[in-house]
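Please read the structure below before turning to the comments.
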Amino acid sequence: MSTKKVNTSEIILQSTALIDESVLFENVSTIIENRKYRIQASVNSEATLMFWEVGQYINTIVLADRRAEYGKKILTTLSSKLRLKYGSSFSERNLYRMMLFSERFADYEIVATLSPQLSWSHITELIRIKTHEARLYYAKLCVEKRLNIRELRHLISRKAYERGEIANTQLTESSKVPFNVF
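Mapping the sequence shown onto this note's numbering, position 147 (from 1) lands on 144, and the numbers just tick up by one.
Right, dumping it as structure tokens:
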């Protein structure tokens, strides 16, 4: 039995000669970009859930669902302390948005489903909408069509939900046009 000594540097040179460097770069870049996207989505989801929880806590525990002068004073004090410790995301205006978010999207399951797919900017636009059905319509549309914030604002300003509802009321059971087609 003969033993032949293997030269590892020779193997490395042979294997690198077989690798196309541009393909290697592209594949590694794809891995990095995919992970960066997932990291961003995860951070966004956790931030959105945190904002909902903060709003929920302030609404139920601290203010007991009341909006008195007492509540305004607490928000101002709380906001100044939170901004010092955590930054501008906890301005008084944003705390109010968090509270409104937890009111308008009271079902945590809906929030947990939407949070990985919608940004805080999307949420702040959605909470301005008056009806629950319209909010859910626009949220679902954002998710399905991967709408950015500008596209969402455009749809809201054009009253896409309301137009669809009007079109549906004009259809009858015997219509050949299905509901929600417009």
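Using N, Cα and C, we set each Cβ at its ideal position, and we do this for glycine too.
Residue burial classification, residue i (beta-carbon count within 10 angstroms, cutoff 16)
i: residue 132; result: buried
i: residue 84; result: exposed
i: residue 77; result: exposed
i: residue 30; result: exposed
i: residue 34; result: exposed
i: residue 19; result: exposed
i: residue 112; result: buried
i: residue 136; result: buried
i: residue 40; result: exposed
i: residue 53; result: buried
i: residue 25; result: exposed
i: residue 27; result: exposed
i: residue 73; result: exposed
i: residue 45; result: buried
Residue i - containing alpha helix (DSSP H), residue span
i: residue 27; result: 18 to 54
i: residue 109; result: 105 to 111
i: residue 60; result: No alpha helix (DSSP H) contains residue 60, which DSSP labels as neither H nor E.
i: residue 115; result: Counting along the chain, residue 115 falls outside any alpha helix (DSSP H), and DSSP gives it neither H nor E.
i: residue 99; result: 89 to 101
Pairwise C-alpha distance: residue j and residue i
i: residue 59; j: residue 82; result: 20 Å
i: residue 115; j: residue 71; result: 29 Å
i: residue 98; j: residue 47; result: 11 Å
i: residue 121; j: residue 94; result: 7 Å
i: residue 32; j: residue 106; result: 26 Å
i: residue 158; j: residue 80; result: 37 Å
i: residue 101; j: residue 129; result: 7 Å
i: residue 104; j: residue 138; result: 19 Å
i: residue 43; j: residue 160; result: 34 Å
i: residue 145; j: residue 21; result: 32 Å
i: residue 108; j: residue 118; result: 14 Å
i: residue 56; j: residue 86; result: 18 Å
i: residue 147; j: residue 126; result: 16 Å
i: residue 154; j: residue 16; result: 53 Å
i: residue 50; j: residue 96; result: 9 Å
i: residue 92; j: residue 150; result: 22 Å
i: residue 141; j: residue 38; result: 16 Å
i: residue 90; j: residue 156; result: 26 Å
i: residue 176; j: residue 110; result: Any answer about residue 176 is weak, because its pLDDT of 49 lies below 50 and its placement is not dependable; what the coordinates show is given next. Answer to the nearest angstrom: the Cα atoms are 26 Å apart.
Q. What are the uninterrupted segments assigned as beta strand (DSSP E) that are 3 or more residues long and contained completely in the segment 126 to 156, given in chain order?
A. none
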